[in-house]
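Since the structure comes first, as structure tokens, the remarks are kept for the end.
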Amino acid sequence: MTMTIPTGSRIFHTPPRWRQDLVALPDEPASGVDSWEPTPVNVTRTTPALRDLFELFASSLDPVTELDRVRFVHSADGDATDFVAFSQASVTFIQLKESSSVVGAFSDVIQTFERLQVELGVTQRDLFRATGIKHRTFHSWAKKSTDSRPRLSSVGQLWLLADAVDDLRESVEGSVNKWIHAKPDRLEMLRAGRFDDLVNAAVVGSRAGSLSAARSTYTGLAPDVELPVVKSDDRPASVKVRQSARP
Amino acid sequence: MTTNISESAPFDGPLGGLPPADRRLLRYAPLEVAIIEVKFTSPAKEIAADVAAHIRDALNTATEVDYTSIQPATTGTVQVNFEIQGSSWAEQNHGWQISSSDGSRSVTLFPDSLIVQTTEYSHWSVSIRTPLSVLLQELASTIKPSLIHRIGLRYVDRFVDPDCKTVSDWGGKIEASLLGPVGNSIFGTMVQGAQQQIELAVDNRHGAILRHGPAQDASTKSINYLLDLDVFAHATTPFGVDDVLGTANNLNRTSLSLFQACVSSDYFTTLQGEENRL
């Protein structure tokens, strides 16, 4: 079950003229204290009392003004976001609005199907063949009530495939997708629903390769970025205090 | 905030010359949420679904927490423009959010950042360090980050005491220098609320943002006190799993030292569950 959490309100106000000149945002944040970004918080996962406190402090200390850039995080199926204000206004929080739909057994099955499709890098048609799920049945699941469950026979070999993919992940080097597509007979085994044969092939292959020499990979620095040299300094910590601006 | 026994590290103490903190566990810990974020550069444009699934499985094994949900997530920037009544979008990144079954723990992954958040914090090593270590090792072997740009560790404490009916009741509990106007001899008792942000330059590579202040709690008809402590490393360094974990360790020790500097010694003893109570 997911819940829709309303996004926090914000105080939007027109900045004074002098500030409007300053908020023509540069592409990169300014250096120094003004560019410090707070660590983001997903407030939907906190208690209501704490959310209220975040909101209180944000409204006082982080008003979003025109032309401010804000950073957002949202779920792919969500229809609302909330903001982490950038640079000029201090960072406040990340809020992920949960989907308003109720998650039920049908959506579990659909999500599993789609996840497997992505992980295996195959078409829907390939997966229908592999699992024995009928095309029409699959598309009817999206319209089903969340209180009901799909009949076991209609799900075919979907769960067997999910288990097989779990085994493949443990047995193959790199992604399952690449391994499946590396040889045509593996894709054929998948389409034919011969999951045990597929897993056996992966296990046999992993044993044969287990004696290969270790490899080292140079990670190094990005070629276009210089590593800054920061000299240590024994200055004591300094303090800057910012008070909230009352209207 | 809770504490734990120190782990081995080249330097295992607070930064900036701050005093070492008492690491005994707090029986009455006011901590509500803890978050760590690591921002980095990597050649990857996205994180594949199988990588996210593999990371989820690794987290389940290492933490013994049941991470059941993997949800696609997007992050980016938007510029607010009232005149055109719209906004312009830029820099969208796609990733995943992996959550525990009860939603108390979550991991958010993007090609340029990771965030670990928990509302069930017990010990540093268990609640943050272990999942962070898993994530760093997995990312090192898959998307291979090259540079670290920021590591931030944030502890948000909400002090709740039903006996604190006014802001001034927090005197003797919260450090006097933070209470500020509450101590004013003329209007101190009239203070109803205050929100303050303090920015600390711990040293050249580390900073801290402290937000604090009292607020009404309608449910208990009392005054709560918020202590939101965000300590971070903001210098760019090469990526290394042990280096990131070492820095995170230092941030934890620094947070602890700052936390203890924000409460009175008597109240800290109370939070530890000692017999002396105010």
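Residue numbers (the numbering used here), protein chains in the order written: chain Z, 278 to 524; chain Y, -12 to 265. Yeah, the Cβ is synthetic: ideal placement off N, Cα and C, and Gly gets one too. Treat the numbers as computed from the prediction; the structure is a model and nothing was measured.
7 Å Cβ cutoff, residue i in contact with chain Y
i                : result
Arg463 (chain Z) : no
Thr400 (chain Z) : no
Ser448 (chain Z) : no
Asn526 (chain Z) : The displayed coordinates of chain Z run from 278 to 524. Any statement about residue 526 (chain Z) would go beyond what the structure contains.
Trp254 (chain Z) : Past the edges of chain Z, shown from 278 to 524, lies residue 254 (chain Z), and the structure says nothing about it.
Val481 (chain Z) : no
Val386 (chain Z) : no
Glu396 (chain Z) : yes
Leu327 (chain Z) : yes
Ser337 (chain Z) : yes
Arg322 (chain Z) : yes
Leu330 (chain Z) : yes
Ser452 (chain Z) : yes
Trp418 (chain Z) : no
Arg404 (chain Z) : The sequence shown places Leu at residue 404 (chain Z), rather than the Arg named in the question. No, because no Cβ of chain Y sits closer than 7 Å to the Cβ of Leu404 (chain Z).
Leu393 (chain Z) : no
Leu333 (chain Z) : yes
Trp436 (chain Z) : no
7 Å Cβ cutoff, residue i in contact with chain Z
i                : result
Glu19 (chain Y)  : yes
Glu24 (chain Y)  : yes
His193 (chain Y) : no
Asp37 (chain Y)  : yes
Gly90 (chain Y)  : yes
His136 (chain Y) : no
Burial state of residue i (16 or more Cβ within 10 Å)
i                : result
Pro132 (chain Y) : buried
Asn171 (chain Y) : exposed
Thr316 (chain Z) : buried
Trp111 (chain Y) : buried
Ile22 (chain Y)  : buried
Leu429 (chain Z) : exposed
Ser29 (chain Y)  : buried
Pro427 (chain Z) : buried
Ile371 (chain Z) : Here the model assigns Ile371 (chain Z) a pLDDT of 37, short of 50, so the residue's position is not dependable, and the following value carries that caveat. It counts as buried.
Pro461 (chain Z) : exposed
Thr257 (chain Y) : buried
Lys279 (chain Y) : Because chain Y here runs from -12 to 265, residue 279 (chain Y) falls outside it and cannot be looked at.
Asp229 (chain Y) : exposed
Trp436 (chain Z) : exposed
Ala195 (chain Y) : buried
Residue from the options with nearest C-alpha to residue i
i                : options                                : result
Glu332 (chain Z) : Y:Gln203, Y:Tyr54, Y:Ile161, Y:Leu46   : Y:Gln203
Val94 (chain Y)  : Y:Ala127, Y:Thr129, Y:Ile130, Y:Ser56  : Y:Ser56
Arg328 (chain Z) : Y:Leu213, Y:Thr241, Y:Thr257, Y:Thr223 : Y:Leu213
His81 (chain Y)  : Y:Ser91, Y:Ser242, Y:Leu101            : Y:Leu101
Asp144 (chain Y) : Y:Thr129, Y:Gly180, Y:Ile161           : Y:Ile161
Ser431 (chain Z) : Z:Asp443, Z:Asp385, Z:Gly409           : Z:Gly409
Asp339 (chain Z) : Y:Gly3, Y:Gln184, Y:Ala235             : Y:Gln184
Asn319 (chain Z) : Y:Thr234, Y:Tyr142, Y:Tyr15            : Y:Tyr142
Asp37 (chain Y)  : Z:Glu396, Z:Trp313, Z:Thr389, Z:Gln434 : Z:Glu396
Thr241 (chain Y) : Y:His199, Y:Gly139, Y:Phe174           : Y:Gly139
Gly470 (chain Z) : Z:Asp440, Z:Arg446, Z:Val481, Z:Ser448 : Z:Asp440
Gln394 (chain Z) : Z:Ala478, Z:Glu465, Z:Gly482, Z:Val442 : Z:Val442
Asp215 (chain Y) : Y:Pro168, Y:Pro59, Y:Ser114, Y:Gln182  : Y:Gln182
Residue i - partner residues in DSSP beta bridges
i                : result
Gly200 (chain Y) : Y:Leu213
Trp83 (chain Y)  : Y:Pro59, Y:Leu96
Asp144 (chain Y) : Y:Leu18, Y:Leu214
Val189 (chain Y) : DSSP lists no partner for Val189 (chain Y).
Ile138 (chain Y) : Y:Val25, Y:Ala220
Ile102 (chain Y) : Y:Glu24, Y:Thr95
Gly159 (chain Y) : Paired residues: none, contrary to the question.
Pro30 (chain Y)  : Per DSSP, none; premise fails for Pro30 (chain Y).
Val121 (chain Y) : In DSSP, Val121 (chain Y) forms no bridge with anything.
Pro225 (chain Y) : Y:Leu134
Val113 (chain Y) : Paired residues: none, contrary to the question.
Tyr254 (chain Y) : Answer is none; Tyr254 (chain Y) lacks a bridge partner.
Tyr54 (chain Y)  : Y:Ser87
Partner residues on chain C for residue i, Cβ-Cβ distance less than 8 Å
i                : result
Leu140 (chain Y) : Structure shown: chain C not included; protein chains present are Z and Y.
Handout entry: Members of the region 101 to 125 of chain Y near chain Z, C-beta cut-off 7 Å
Key = Ile102, Gln104, Thr106
Practice task
Give, in chain order, every residue of the region 197 to 219 of chain Y whose Cβ lies closer than 8 Å to some Cβ of chain Z.
Solution key: Arg198, Gly200, Ala202, Asp204, Ser206, Asn211, Leu213, Asp215, Asp217, Phe219
Handout entry: Residues from the region 143 to 158 of chain Y in contact with chain Z, defined by Cβ distance under 9 Å
Key = Val143, Arg145, Val147
Practice task
Could you list the residues in the region 175 to 186 of chain Y with a C-beta less than 7 Å from some C-beta on chain Z, going in chain order?
Solution key: Gln182, Gln183, Gln184, Ile185, Glu186
Exercise for the section: Using a Cβ-Cβ cut-off of less than 8 Å, list which residues of the region 1 to 20 of chain Y approach chain Z; keep chain order. Expected result: Gly3, Gly4, Leu5, Glu19, Val20
Exercise for the section: Taking only beta carbons into account, state which residues of the region 226 to 260 of chain Y come closer than 8 Å to chain Z, listed in chain order. Expected result: Phe226
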